[in-house]
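Heads up: the structure comes next, in structure tokens.
In the numbering used here, the protein residues as written are 1 to 145.
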């Protein structure tokens, strides 16, 4: 486990930080874990919908970028999820309390656009997708803020 509060790596606050821990990272990938929770945002008390996996993946991508900024001593950069391709999911819902491992790996990047291979694994859970993301340059980031 990496000794850093994952909320420091994400441009999210409070209950919208859905990840718990960074397990490993490098310049192209990051692995994070989370325990599925029901805090009133997405679930019915017992489950949360499997489409939330897209947000788990997107936040893991953001954490990877945030970790690179953190290590370089730079502020966290704003990024955008542009789309998802081939979201292959073998479940309809995540059960509250389940431990999930989310792995993302950058496979392509050009001028702020990137594609990541993403996987979520858990007990009987195997989800994969490709996420397309965009991170504007610093000048554009400042204009948005």
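Glycine residues also receive a C-beta, built at the ideal position from the N, C-alpha and C atoms.
Sequence-distant Cβ neighbours of residue 68 in its own chain, meaning closer than 6 Å and more than five residues away, do not exist here. Excluding five sequence positions before and after residue 66, the CB atoms of its chain that fall closer than 7 Å to its own CB belong to 9, 10, 76, given in chain order. Residue pairing of residue 119 in beta bridges, as defined by DSSP: 103, 128. Beta-carbon to beta-carbon, residue 64 and residue 29 are separated by about 7 Å, close enough to satisfy the 8 Å threshold. Residue 19 counts as buried, since at least 16 other C-beta atoms from the protein chains shown sit within 10 angstroms of its C-beta. A straight line joining the alpha-carbon of residue 34 with that of residue 24 spans about 14 Å.
Residue 95 sits in a strand when the DSSP states are folded into three classes. In this structure, the beta-carbon distance from residue 52 to residue 15 does not fall below 7 Å. Only residues of its own chain outside the window of five on either side were considered, and among them 114, 115 have a CB closer than 8 Å to the CB of residue 108, listed in chain order.
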